[in-house]
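The structure appears right after this line, and notes come after that.
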Amino acid sequence: MTNYAVTLLSGGLDSTTVAVQALQESNNLSAITFHYGQSHSKEVDCAQEIAGVLGIQHQLLDISFLGQVAWYSALTNPDRFPVPENRSLDQMGTSIPITYVPLRNTIFLSLAAAYLESRVLYAIEKDGVSPDEVEAQLYMAPNAIDYSGYPDCRPEYFEKMKEALAYGSKLWTEYQ
Numbered sequence: 001m002t003n004y005a006v007t008l009l010s011g012g013l014d015s016t017t018v019a020v021q022a023l024q025e026s027n028n029l030s031a032i033t034f035h036y037g038q039s040h041s042k043e044v045d046c047a048q049e050i051a052g053v054l055g056i057q058h059q060l061l062d063i064s065f066l067g068q069v070a071w072y073s074a075l076t077n078p079d080r081f082p083v084p085e086n087r088s089l090d091q092m093g094t095s096i097p098i099t100y101v102p103l104r105n106t107i108f109l110s111l112a113a114a115y116l117e118s119r120v121l122y123a124i125e126k127d128g129v130s131p132d133e134v135e136a137q138l139y140m141a142p143n144a145i146d147y148s149g150y151p152d153c154r155p156e157y158f159e160k161m162k163e164a165l166a167y168g169s170k171l172w173t174e175y176q
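For the sequence shown, the working numbering gives the first residue as 1, with consecutive numbering after it.
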């Protein structure tokens with residue numbers, strides 16, 4: 001059985017921990033890091049180094065256009081919308097902060113799922129691997145309890161995304 005997997009690797013602690021878990025659970029792992037014009041570009045450098053240390057294939061995808069469509073965020077447009085400082089716990093728990101990048105995780109998951117599905121479909125349809133001998137896993141490390149208030153980090157969001165990705169996928173439609 002080949003377990004194809006893709007892990008989203010930001011270069012931070014959470015995604016690194018998940019990448020190590022994915023490496024233990026998969027025998028064919030790739031990592032994807034997105035450069036979307038974020039203000040923390042040193043994380044991209046860390047992601048490349050972490051992938052090298054773990055010995056996993058790494059794709060750095062430039063989606064810097066994201067700031068043009070998801071411009072209402074301090075992470076994609078820091079000159080116009082500064083990152084807030086000294087927010088109280090009440091403020092963190094009651095509103096979506098300006099650091100939220102509109103639909104960022106939706107875009108990340110869609111791109112990572114497309115990459116994963118392409119790898120698996122190639123194995124099945126070009127290399128002749130039996131669908132019964134293939135598993136596919138997508139790993140991500142959202143932090144739902146960090147008081148971020150991001151709507152695309154909630155568990156219920158991921159349940160719906162899992163369903164949407166399955167409906168839109170040849171792999172999970174034709175081969176399940």
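Glycine included, each C-beta is placed from N, C-alpha and C at the ideal position.
Model, not experiment: these values are computed from the prediction.
Would you kindly work out how many angstroms separate the C-alpha atoms of Phe-65 and Tyr-36, rounded to a whole number?
A direct Cα-Cα distance of roughly 7 Å separates Phe-65 from Tyr-36.
Just the C-alpha distance for Leu-111 and Pro-82, rounded to the nearest angstrom, thanks.
Distance between the alpha carbons of Leu-111 and Pro-82: 28 Å.
Nearest CA to the CA of Tyr-115: which residue from Pro-131, Leu-61, Trp-71?
The option with the nearest alpha carbon to Tyr-115 is Leu-61.
What does a CB cutoff of less than 8 Å around Val-120 pick up in its chain, not counting 5 residues either side in sequence?
Tyr-4, Val-134, Ala-136, Leu-171, listed in sequence order.
Ser-41 versus Ile-32, Ser-26, Gly-11, Asp-132, residue with shortest Cα-Cα distance
The closest CA to that of Ser-41, considering only Ile-32, Ser-26, Gly-11, Asp-132, is found on Gly-11.
Within the chosen definition, does the region 48-63 reach the region 72-88 through at least 3 CB pairs nearer than 8 Å?
With the cut-off at 8 Å, the region 48-63 and the region 72-88 do not touch.
Only counting the same chain, and skipping five residues up and downstream in sequence, which positions put a Cβ closer than 7 Å to that of Thr-99?
Same-chain partners within the cutoff: Ser-73, Ala-74, Leu-75, Val-83.
Looking only at its own chain, which residues have a Cβ that is under 6 Å from the Cβ of Ile-56, when we skip the five neighbours before and after it?
These residues qualify, in order along the chain: Leu-29, Ala-31.
Report the residue from Pro-131, Ala-164, Asp-14 whose alpha carbon sits nearest the alpha carbon of Tyr-175.
The shortest C-alpha to C-alpha distance from Tyr-175 to any of Pro-131, Ala-164, Asp-14 is the one to Pro-131.
Whole-angstrom C-beta distance between Val-18 and Tyr-139, which should lie under 8 Å
Confirmed, about 5 Å.
Would you check if the distance between the CB atom of Val-101 and the CB atom of Ala-141 is smaller than 7 Å?
In this structure, Val-101 lies away from Ala-141, with their beta-carbon atoms at least 7 Å apart.
By DSSP, does Tyr-36 sit in helix, in strand, or in coil?
Residue state, collapsed to three classes: coil.
Report back the beta-carbon spacing between Asp-45 and Arg-104 to the nearest angstrom; my notes put them in contact at under 8 Å.
At roughly 20 Å, the Cβ-Cβ gap does not stay under 8 Å, so Asp-45 and Arg-104 are not in contact.
Let me check you understand the geometry: is the CB of Lys-42 closer than 6 Å to at least one non-hydrogen atom of the ligand FMN?
As far as ligands go, the structure on display features none, and thus does not contain the ligand FMN.
Can you give, in chain order, each stretch of the alpha helix (DSSP H) that sits fully within the region 29-98 and has at least 4 residues?
Residue ranges of uninterrupted alpha helix (DSSP H) with 4 or more members, entirely inside the region 29-98 and ordered along the chain, are 42-54, 66-69, 89-94.
Would DSSP call Val-20 helix, strand or coil?
Taken through DSSP and simplified to helix, strand or coil, Val-20 comes out as helix.
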